[in-house]
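Per the working numbering: the sequence shown = residues 92 to 502. Remarks on the structure that follows.
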Amino acid sequence: MKYKIVRNTKYDFTGQSYATLYPNLHKYPATMLPQIGIEILKELNVKSGRLLDPYCGSGSSFASGLECGLTEMYGFDINPLAILISNVKFTKISINKLVETKKQFRNNLYEFLKNENNIHKLARPQITNIDFWFSKKIIENLTIIKYFIDQIENEQIHRFFLIPFSETVRECSYTRNNEFKLFRMKEQDLLNFNPDVIGVYFKKFEDVLFLYSNFYYPKLEHEPKVEVQYSKFQPQDDFFDIVLTSPPYGDSRTTVAYGQFSTLSNEWLGINYARKIDGMLMGGVKPKENITNGIIADYISTISKTDNKRALEVSAFYNDLDSSISKVSRSVRKGGKSIYIVGNRTVKNVQLPTDQFIAEKFTENGFLHLITYERALSNKSMPCRNSPTNKAGKTVATMLWEYIVVCEKMK
Ligand SMILES: C[S@@+](CC[C@H](N)C(=O)[O-])C[C@H]1O[C@@H](n2cnc3c(N)ncnc32)[C@H](O)[C@@H]1O
């Protein structure tokens, strides 16, 4: 190993889950355990400065930053649902206003339901194959809920109401909820599937309100600045002091499909390119040639001997990660640190050293590799098996270890 790895059980947090410290307001795949971020920021004595997460997902690194006293944090993610979740978690909203708005919202909604013809006044939502994913009654009730959410003028409160709505869309759709990929329930399971959509919505609302009030709101007292946007990372020269992130560990098609997971929610949120998101994520566009230089080249050439199509997909991912790291690198000020938490996935029985690749790329961009810690992976919301071939039922066991790669900007 060119870049030294040290096994450090301090980062295992065995038996601890995400919910131990910061229960998630909305389900999201492959979330980073905030405890890891807190521990490494403490070890690096990071107590102030601008934090960046260029692939922020549901915002775990901001939870870590808050716990370490950081008050200025920035995040990017191409997935609009991820940004909605991060935004709501780290925006201070008056609990009283949320409760008041909910009362008004409930009254308006039930008043509207009194006249069953009212539904015909509302536009049919633009969801692809909507009748394949939802029953007629469920479409009507989701449409009514969304209509009254969109009547809420306060932008922050409007966003808050969309979190339980997105969870309700998932729960009341015909998707198999224990899957991250978009699979429809079996026909026999659909026969008796008739959830009380409005009941589900208000239950989810109470759950989200409870978690937000008890775990997030108290940490937002001083209104820390957490600015997130759904786009690729926009570089800003020498601006950030610390990068804390967990990038995807492979392309969405053969690893965690963040886009597929979020499709129906993003479509109901009005994102008309929801079905293109996985193609926009890292590794989404296949190159013409394989990577032939650097640490990863030999591994890719081994894969190309058995399956060049897969090798090109793997090259696509590392090309995107490489260009992203160079943008991130120039955006960190001298003396700033980058912390990337990654897994080394296996393709065609070849384990890809992503930790080494990341250390190599930061070193090529003026950083010094400080350390890489190896932690046991027992508590990450990830499929315990995934489908590199993407064939339903043909799966392999996923990773057992994760690597915390720490580098410092020297020039
Ligand atoms: C492992 S997840 C991050 C999870 C996050 N740490 C959390 O705890 O919720 C990786 C994220 O990277 C995002 N992503 C993938 N490619 C991206 C890119 N090129 N630019 C920005 N975000 C990207 C995905 O949408 C996904 O949300």
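Here a beta-carbon is modelled for each residue, glycine too, at the ideal position from N, C-alpha and C.
(message) Is any non-hydrogen atom of ligand 1 found closer than 6 angstroms to the C-beta of Thr122, if you look at the structure I gave you?
(response) Counted from its first residue, the sequence shown places residue 122 at position 31. It does: the Cβ of Thr122 is within 6 angstroms (strictly closer) of some heavy atom of ligand 1.
(request) Please indicate yes or no: does the CB of Asp168 lie closer than 6 angstroms to some heavy atom of ligand 1? (result) Taking the sequence shown and counting its residues from 1, one reaches residue 168 at position 77. Within the cutoff, so yes.
(request) Grab me the residues of Thr91's own chain with a C-beta within less than 8 angstroms of its C-beta, minus the 5 sequence neighbours each way, in chain order. (result) Not covered by the structure: residue 91. The range shown for the chain is 92 to 502.
(request) Please determine if the region 243-262 and the region 190-208 are in contact, where contact requires at least 3 C-beta pairs separated by less than 8 angstroms. (result) yes
(request) Along the beta strand (DSSP E) that carries Ile495, what are the first and last residues, could you check? (result) Stepping through the sequence shown from its first residue, residue 495 is reached at position 404. Run containing Ile495: Trp492 to Lys500, per the beta strand (DSSP E) assignment.
(request) Report the three-state DSSP secondary structure of Ala110 (helix, strand or coil). (result) In the sequence shown, the residue the question calls residue 110 occupies position 19. DSSP places Ala110 in helix when its eight states are reduced to three.
(message) Does the beta-carbon of Ala173, which I'm using as the reference point, lie nearer than 6 angstroms to any heavy atom of ligand 1?
(response) For the purposes of this step, residue 173 is taken as the residue at position 82 of the sequence shown. Indeed, a heavy atom of ligand 1 lies less than 6 angstroms from the Cβ.
(message) Taking its Cβ as the centre, do 16 or more other Cβ atoms sit within 10 Å of Asn481, making it buried, or is it exposed?
(response) Here residue 481 corresponds to residue number 390 of the sequence shown, with the count starting at 1. Only weak support exists for where Asn481 lies, its pLDDT of 49 falling under 50; the coordinates are left without a value.
(request) Please check if any C-beta of chain C sits within less than 7 angstroms of the C-beta of Arg215. (result) In the structure shown, chain C does not exist; there is a single protein chain.
(request) Using 6 angstroms as the cut-off, classify the Cβ of Gly148 as near or not near the heavy atoms of ligand 1, replying yes or no. (result) Position 57 of the sequence shown, counted from the start, is the residue given in the question as residue 148. Gly148: yes, Cβ under 6 angstroms from ligand 1.
(message) For Lys310, report the span of its beta strand (DSSP E) as first-last.
(response) Taking the sequence shown and counting its residues from 1, one reaches residue 310 at position 219. No beta strand (DSSP E) holds Lys310; DSSP gives it neither H nor E.
(request) Determine the direct distance from the alpha carbon of Pro255 to that of Ala407, and round the result to whole angstroms. (result) For the purposes of this step, residue 407 is taken as residue 316 along the sequence shown, with counting starting at 1. For the purposes of this step, residue 255 is taken as residue 164 along the sequence shown, with counting starting at 1. Taking the straight line joining both Cα atoms gives about 35 angstroms.
(request) Please indicate yes or no: does the CB of Lys323 lie closer than 6 angstroms to some heavy atom of ligand 1? (result) Within the sequence shown, the letter at position 232 stands for residue 323. Yes, the Cβ of Lys323 comes within 6 angstroms of a heavy atom of ligand 1.
(request) Alpha carbon to alpha carbon, how far is Gly350 from Asn170? Give it in angstroms, no decimals. (result) Start at 1 with the first residue of the sequence shown, and residue 170 comes out as number 79. Start at 1 with the first residue of the sequence shown, and residue 350 comes out as number 259. Cα to Cα, the separation comes out at about 7 angstroms.
(request) Could you tell me if the beta carbon of Phe360 falls within a distance shorter than 6 angstroms of some heavy atom in ligand 1? (result) Start at 1 with the first residue of the sequence shown, and residue 360 comes out as number 269. Going by the sequence as given, residue 360 is Leu instead of Phe. Every heavy atom of ligand 1 is 6 angstroms or more from the Cβ of Leu360, so no.
(request) Using a threshold of 7 angstroms, state whether the C-beta atoms of Phe330 and Ser417 are closer than that. (result) Position 239 of the sequence shown, counting from 1, holds the residue named residue 330. Position 326 of the sequence shown, counting from 1, holds the residue named residue 417. No.
(message) Please state the DSSP three-state secondary structure of Leu507.
(response) Here the chain covers residues 92 to 502 and nothing more, so residue 507 does not appear.
(request) Give a yes or no on contact between the region 167-186 and the region 198-214, applying the rule of three or more CB pairs nearer than 8 angstroms. (result) no
(request) Take Arg275 and list the residues in its own chain whose beta-carbon comes closer than 6 angstroms to its own, dropping the five residues that flank it on each side. (result) Here residue 275 refers to the residue found at position 184 of the sequence shown. Answer for Arg275: Tyr265, listed in chain order.
(message) Here's the rule I'm using: 16 or more other beta-carbon atoms within 10 Å means buried, otherwise exposed. How should Cys475 be labelled?
(response) The sequence position of residue 475 within the sequence shown is 384, counting from 1. The pLDDT assigned to Cys475 is 49, lower than 50, so where the model puts this residue is not dependable, and the model offers no usable value.
(message) Is Met92 near ligand 1 - that is, is its Cβ less than 6 angstroms away from at least one heavy atom of it?
(response) The residue labelled residue 92 in the question sits at position 1 within the sequence shown. No, ligand 1 has no heavy atom inside 6 angstroms of this Cβ.
(request) Return yes when the C-beta of Leu355 is under 6 angstroms from any heavy atom of ligand 1, and no when it is not. (result) Here the question's residue 355 lines up with position 264 in the sequence shown. Not under cutoff, so the answer is no.
(message) Please classify Cys498 as buried or exposed, where buried requires at least 16 other C-beta atoms within 10 Å of its C-beta.
(response) As a working mapping, residue 498 is identified with position 407 in the sequence shown. Per the 10 Å Cβ criterion, buried.
(message) Given this structure, state the Cα-to-Cα distance separating Thr354 from Leu273, to the nearest angstrom.
(response) Here residue 354 refers to the residue found at position 263 when the sequence shown is read from its first residue. Here residue 273 refers to the residue found at position 182 when the sequence shown is read from its first residue. Straight-line Cα distance between these residues: approximately 8 angstroms.
(request) Return the CA-CA distance between Ser478 and Thr346, expressed in angstroms with no decimal places. (result) Against the sequence shown, residue 478 aligns to sequence position 387. Against the sequence shown, residue 346 aligns to sequence position 255. Any reading at Ser478 needs caution, since the residue's pLDDT is 49, under 50, leaving its predicted position unreliable; the model's value is listed next. Near 7 angstroms, if we compare the C-alpha coordinates of Thr346 and Ser478.
(message) Alpha carbons only, please: which of Leu172, Lys400 and Arg98 is nearest the one belonging to Gly150?
(response) Position 59 of the sequence shown, counted from the first residue, corresponds to residue 150. Checking every option, the nearest Cα to that of Gly150 belongs to Leu172.
(request) Counting only the same chain and skipping the five closest in sequence on each side, list residues whose C-beta sits under 8 angstroms from that of Trp492. (result) As a first step, residue 492 is located in the sequence shown; it is residue number 401 there, counting from the start. So the qualifying residues of the chain are Gly434, Asn435, Glu465, Arg466, Ala467 and Leu468.
(request) Decide if the region 338-345 is in contact with the region 371-387; the criterion is three or more beta carbon pairs, one per stretch, under 8 angstroms apart. (result) yes
(request) Can you give me the Cβ contacts of Leu302 inside the same chain, cut-off strictly under 7 angstroms, excluding the 5 residues immediately before and after it? (result) By one-based count along the sequence shown, residue 302 stands at place 211. So the qualifying residues of the chain are Pro114 and Leu116.
(message) Tell me which residues share the same chain as Leu461 and place their Cβ nearer than 7 angstroms to its Cβ, disregarding the 5 neighbours each side in the sequence.
(response) In the sequence shown, counting from the first residue as 1, residue 461 sits at position 370. Cβ neighbours of Leu461 beyond the five flanking positions: Val497, Cys498 and Glu499.
(message) For a test of the three-state rule: what should DSSP assign to Glu244, helix, strand or coil?
(response) If you number the sequence shown from 1, residue 244 lands on position 153. Reduced to three states, the DSSP call for Glu244 is coil.
(request) Taking only the alpha-carbon atoms, compute the straight-line gap between Pro444 and Ile387 and give it to the nearest angstrom. (result) Residue 444 sits at position 353 when you count from the first residue of the sequence shown. Residue 387 sits at position 296 when you count from the first residue of the sequence shown. Their backbone Cα atoms lie some 7 angstroms apart in a straight line.
(request) Identify every run of the alpha helix (DSSP H) within the region 377-464, keeping only runs that are complete inside it and at least 4 residues long; order them along the chain. (result) 388-397, 399-421 and 445-455
(message) With distance defined between alpha-carbon atoms, name the residue in Lys188, Phe167 and Ile186 nearest to Thr178.
(response) The residue you call residue 178 lines up with position 87 of the sequence shown. This sequence places Asn at residue 178; Thr is not what is there. Minimum Cα distance to Asn178 is reached at Phe167.
(message) Let me check understanding here. Comparing Cα to Cα, which of Met92, Thr336, Thr219 and Pro309 lies closest to Gln126?
(response) Position 35 of the sequence shown, counting from 1, holds the residue named residue 126. Selected option, being the one with the closest Cα: Thr336.
(message) If you reduce the DSSP assignment to three classes, tell me which class Leu204 lands in.
(response) As a first step, residue 204 is located in the sequence shown; it is residue number 113 there, counting from the start. The answer is helix: DSSP assigns Leu204 an H, G or I state.
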